[in-house]
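Chemist: One structure coming up, written as structure tokens, with questions to follow.
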Amino acid sequence: MQNMNYYYDFSGQKFGYPLSLSINGFDRQVFSQQTSLELSYVLKREYEAITEHFSCPVKEHELLLIAPGDIHMIRQKGTGENVILTIHVDFSRFAKPMAGDVEDAFESMLCTKEKNAQILGKLKRKIGELVSLLMENDNDLFQMNAIMAELVCIASNHKQYPIERLPLLSENRENYMKAILYISSHYQEQLHLEDVAKALSFSSSYASRLFKKYTGITFVKYLAYTRVRASLESLLEGKDTIDKIALDCGFANSKAYTIAFKELYGIAPSRYRKHFLQNLKYNQELKEQQMTLDDRQRELLKHLVLETEEILYENAAVKITNKNGHVFCQIKTDVKTKSIITQADQMVSIEIIKE
Numbered sequence: 171m172q173n174m175n176y177y178y179d180f181s182g183q184k185f186g187y188p189l190s191l192s193i194n195g196f197d198r199q200v201f202s203q204q205t206s207l208e209l210s211y212v213l214k215r216e217y218e219a220i221t222e223h224f225s226c227p228v229k230e231h232e233l234l235l236i237a238p239g240d241i242h243m244i245r246q247k248g249t250g251e252n253v254i255l256t257i258h259v260d261f262s263r264f265a266k267p268m269a270g271d272v273e274d275a276f277e278s279m280l281c282t283k284e285k286n287a288q289i290l291g292k293l294k295r296k297i298g299e300l301v302s303l304l305m306e307n308d309n310d311l312f313q314m315n316a317i318m319a320e321l322v323c324i325a326s327n328h329k330q331y332p333i334e335r336l337p338l339l340s341e342n343r344e345n346y347m348k349a350i351l352y353i354s355s356h357y358q359e360q361l362h363l364e365d366v367a368k369a370l371s372f373s374s375s376y377a378s379r380l381f382k383k384y385t386g387i388t389f390v391k392y393l394a395y396t397r398v399r400a401s402l403e404s405l406l407e408g409k410d411t412i413d414k415i416a417l418d419c420g421f422a423n424s425k426a427y428t429i430a431f432k433e434l435y436g437i438a439p440s441r442y443r444k445h446f447l448q449n450l451k452y453n454q455e456l457k458e459q460q461m462t463l464d465d466r467q468r469e470l471l472k473h474l475v476l477e478t479e480e481i482l483y484e485n486a487a488v489k490i491t492n493k494n495g496h497v498f499c500q501i502k503t504d505v506k507t508k509s510i511i512t513q514a515d516q517m518v519s520i521e522i523i524k525e
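In this note's numbering, the protein residues as written are 171 to 525.
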């Protein structure tokens with residue numbers, strides 16, 4: 171049974187908007203690949219990230235950046251109540267002149283206090299600003315656009331902070347990733363293990379062993395979970411019937427789809443859709459309004475909001491913060507200096523002089 175306790179979803183894609191933010195405790199057991207930039211920030215406990223290029227643990231208050239097009243899986247580690255916040259910026263919903271070619275603009279990476287700390291700090295503050303808007307039910311589209319643009323800008327300018335990669339040198343691992351990519355492209359078809367093996371010049375027994383070794387589940391179950399994951403956008407959009415969604419994503423019928431869905435998420439797809447419709451509640455004026463954050467979610471997000479409020483200004487050389495009513499200014503310099511502080515009326519000036 172998946173953890174629905176912390177479930178929250180701001181799904182901009184439903185309205186043709188590129189930005190979405192979700193909070194959940196789901197255990198993802200299949201690989202995914204999308205056209206969006208993904209930022210996954212762990213709010214509680216620990217996860218494991220597996221991509222084509224590296225594998226690593228993602229601990230509490232660490233962030234994983236996934237580049238558009240990178241196949242990946244983020245799954246829970248250990249037992250307990252894991253919670254993760256995920257932001258997607260879907261470039262396929264941008265006008266072409268706005269996004270351009272994003273293929274080489276990003277690189278998947280882990281951001282921690284030890285690795286890529288500057289990027290982590292900047293992204294956390296922007297996420298905090300976005301969370302603050304959602305907490306206040308503020309639908310200022312221009313402000314949200316500005317935060318989204320800054321998130322994209324920060325994420326795309328990180329090549330000076332290279333990740334320490336963990337290369338996947340195993341031939342078996344490389345073959346497994348080839349099989350995963352093939353399934354991602356053909357899951358809507360009547361696909362069998364023999365088809366994957368033949369397309370990649372593997373034996374069926376070898377392909378079967380690959381799946382059991384690297385996922386812990388059979389090919390049939392992995393394919394079913396892939397189809398379920400692929401169905402989510404149509405399911406939450408609410409336009410198509412369960413029968414049509416099942417057939418469109420490759421299932422023989424809605425019964426097979428429902429069985430696989432319940433196995434992965436713990437509830438039937440119809441109930442999952444109904445739960446999501448909290449995101450489309452109507453107020454007295456019959457206008458749509460977003461799902462609201464409850465007290466438990468707010469408690470997990472509090473550190474992001476507080477950190478945002480404390481920082482007044484920051485660039486590569488200057489950081490100004492406000493703590494308990496006191497303003498602190500930090501200035502980085504490579505040379506020995508002295509400073510002169512003057513005050514006139516309500517203005518304080520700091521002059522930095524090279525010695």
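Even glycine gets a Cβ: it sits at the ideal position worked out from N, Cα and C.
Mapping the DSSP letters down to three states, classify Gly182 as helix, strand or coil.
Modeler: In the sequence shown, residue 182 corresponds to position 12, counting from 1. Looking at Gly182 - three-state DSSP - the assignment turns out to be helix.
Chemist: Does the Cβ of Ser210 have 16 or more other Cβ atoms within 10 Å, making it buried, or fewer, making it exposed?
Modeler: As a first step, residue 210 must be located in the sequence shown, where it is residue number 40. Ser210 comes out buried.
Chemist: Can you name the residues that DSSP bridges to Cys323?
Modeler: For the purposes of this step, residue 323 is taken as the residue at position 153 of the sequence shown. DSSP output for Cys323 lists no bridge partner at all.
Chemist: Tell me the start and end of each unbroken beta strand (DSSP E) in the region 180-224 that is at least 3 residues and wholly inside, in chain order.
Modeler: For the region 180-224, whole beta strand (DSSP E) runs of length 3 or above, ordered along the chain, are 189-195, 206-214 and 217-221.
Chemist: Give me the DSSP bridge partner(s) of Asn485.
Modeler: Position 315 of the sequence shown, counting from 1, holds the residue named residue 485. The partner list for Asn485 (beta bridge, DSSP) is empty, contrary to what the question assumes.
Chemist: Assign Thr221 to buried or exposed, taking buried as 16 or more other Cβ atoms, counted over all protein chains shown, within 10 Å of its Cβ.
Modeler: For the purposes of this step, residue 221 is identified with residue 51 of the sequence shown, where counting begins at 1. Per the 10 Å Cβ criterion, buried.
Chemist: Would you mind sorting Pro394 into buried or exposed? The rule is 16 or more other CB atoms within 10 Å of its CB.
Modeler: As a first step, residue 394 is located in the sequence shown; it is residue number 224 there, counting from the start. According to the sequence as given, residue 394 is Ala; it is not Pro. Flag for Ala394 reads buried.
Chemist: Between which two residues does the alpha helix (DSSP H) holding Glu344 run?
Modeler: Residue mapping note: residue 344 aligns to position 174 of the sequence shown, counting from 1. Per DSSP, Glu344 belongs to the alpha helix (DSSP H) from Glu341 to His356.
Chemist: Using a threshold of 8 Å, state whether the C-beta atoms of Ala400 and Tyr357 are closer than that.
Modeler: As a first step, residue 400 is located in the sequence shown; it is residue number 230 there, counting from the start. As a first step, residue 357 is located in the sequence shown; it is residue number 187 there, counting from the start. Closer than 8 Å, so yes.
Chemist: Based on DSSP bridge pairs, tell me the residues matched to Asn492.
Modeler: Taking the first residue of the sequence shown as 1, we reach residue 492 at position 322. According to DSSP, which records beta bridges pairwise, Asn492 is partnered with Val497.
Chemist: Name the DSSP beta bridge partners of Met243, please?
Modeler: Translated into the one-based positions of the sequence shown, residue 243 becomes position 73. In the DSSP output, where bridge partners are listed per residue, Met243 has Ile220.
Chemist: So what does Ser509 bridge to, in DSSP terms?
Modeler: Mapped onto the sequence shown, residue 509 falls at position 339. According to the DSSP secondary-structure assignment, Ser509 is paired through a beta bridge with Ile522.
Chemist: Asp260 lies in the beta strand (DSSP E); which residues open and close that run?
Modeler: Taking the first residue of the sequence shown as 1, we reach residue 260 at position 90. Counting along the chain, the beta strand (DSSP E) containing Asp260 begins and ends at Val253 to Asp260.
Chemist: Any idea which residues DSSP pairs Pro536 with across the strands?
Modeler: Because the chain is modelled from 171 through 525, residue 536 falls outside the range shown and cannot be assessed.
Chemist: So, for Pro227: in the same chain, excluding its five sequence neighbours on each side, which residues have a beta-carbon less than 8 Å away from its beta-carbon?
Modeler: The residue given as residue 227 occupies position 57 in the sequence shown. Scanning its chain for C-beta atoms nearer than 8 Å, with the 5 sequence neighbours on each side dropped, one finds around Pro227 the residues Glu216, Tyr217, Glu218, Ala219 and Lys247, in chain order.
Chemist: Does the region 433-446 come close enough to the region 401-420 that 3 or more CB-CB pairs lie under 8 Å?
Modeler: yes
Chemist: Excluding the 5 residues preceding and the 5 following Ile510 in the sequence, name in chain order all residues of the same chain whose CB lies nearer than 6 Å to its CB.
Modeler: In the sequence shown, the residue the question calls residue 510 occupies position 340. Excluding sequence neighbours, Ile510 sits near Glu521.
Chemist: For Leu234, does the three-state DSSP call read helix, strand or coil?
Modeler: Within the sequence shown, numbered from 1, the residue matching residue 234 stands at position 64. Strand, per DSSP.
Chemist: Is Glu480 near Lys489, with beta carbons less than 8 Å apart?
Modeler: Here residue 480 refers to the residue found at position 310 when the sequence shown is read from its first residue. Here residue 489 refers to the residue found at position 319 when the sequence shown is read from its first residue. No, the Cβ-Cβ distance between Glu480 and Lys489 is not below 8 Å.
Chemist: Is there contact here, the region 277-297 with the region 499-516, by at least three beta-carbon pairs under 8 Å?
Modeler: They do not touch, by the three-pair rule.
Chemist: Helix, strand or coil for Ala265, going by three-state DSSP, please let me know.
Modeler: Taking the sequence shown and counting its residues from 1, one reaches residue 265 at position 95. Of the three classes helix, strand and coil, the one that applies to Ala265 here is coil, per DSSP.
Chemist: Taking just the CA atoms, how far does Phe312 sit from Ala487?
Modeler: Sequence index remark: in the sequence shown, residue 487 carries index 317 (1-based). Sequence index remark: in the sequence shown, residue 312 carries index 142 (1-based). Using only the alpha carbons, I get a separation of about 28 Å.
Chemist: By how many angstroms is the C-alpha of Arg263 removed from the C-alpha of Phe185?
Modeler: Position 15 of the sequence shown, counting from 1, holds the residue named residue 185. Position 93 of the sequence shown, counting from 1, holds the residue named residue 263. Going by the C-alpha atoms only, they are around 10 Å apart.
Chemist: Taking 8 Å as the limit between beta carbons, can you name the residues of its chain near Glu455, skipping five residues before and five after?
Modeler: In the sequence shown, counting from the first residue as 1, residue 455 sits at position 285. At Glu455, the pLDDT of 44 sits below 50, so the modelled position is not reliable; the number obtained from the coordinates is stated separately. Around Glu455: no qualifying Cβ.
Chemist: Does DSSP classify Ala430 as helix, strand or coil?
Modeler: Here residue 430 corresponds to residue number 260 of the sequence shown, with the count starting at 1. Reduced to three states, the DSSP call for Ala430 is helix.
Chemist: Go through its chain and collect everything with a Cβ distance to Phe431's Cβ below 6 Å, but skip five positions before and after it.
Modeler: Along the sequence shown, read from residue 1 onward, the residue named residue 431 stands at position 261. Contacts found: Val398 and Pro439.
Chemist: Measure how close the beta-carbons of Ile241 and Ser354 come, nearest whole angstrom, since I'm counting them as under 8 Å.
Modeler: By one-based count along the sequence shown, residue 241 stands at place 71. By one-based count along the sequence shown, residue 354 stands at place 184. Going by Cβ atoms, the distance from Ile241 to Ser354 rounds to 7 Å, so yes, they are a contact pair.
Chemist: Between which two residues does the alpha helix (DSSP H) containing Leu402 stretch?
Modeler: Start at 1 with the first residue of the sequence shown, and residue 402 comes out as number 232. First-last of the alpha helix (DSSP H) with Leu402: Phe389 to Glu407.
Chemist: Could you tell me the distance, in whole angstroms, from the CA atom of Glu277 to the CA atom of Asp260?
Modeler: As a first step, residue 277 is located in the sequence shown; it is residue number 107 there, counting from the start. As a first step, residue 260 is located in the sequence shown; it is residue number 90 there, counting from the start. One C-alpha to the other measures close to 16 Å.
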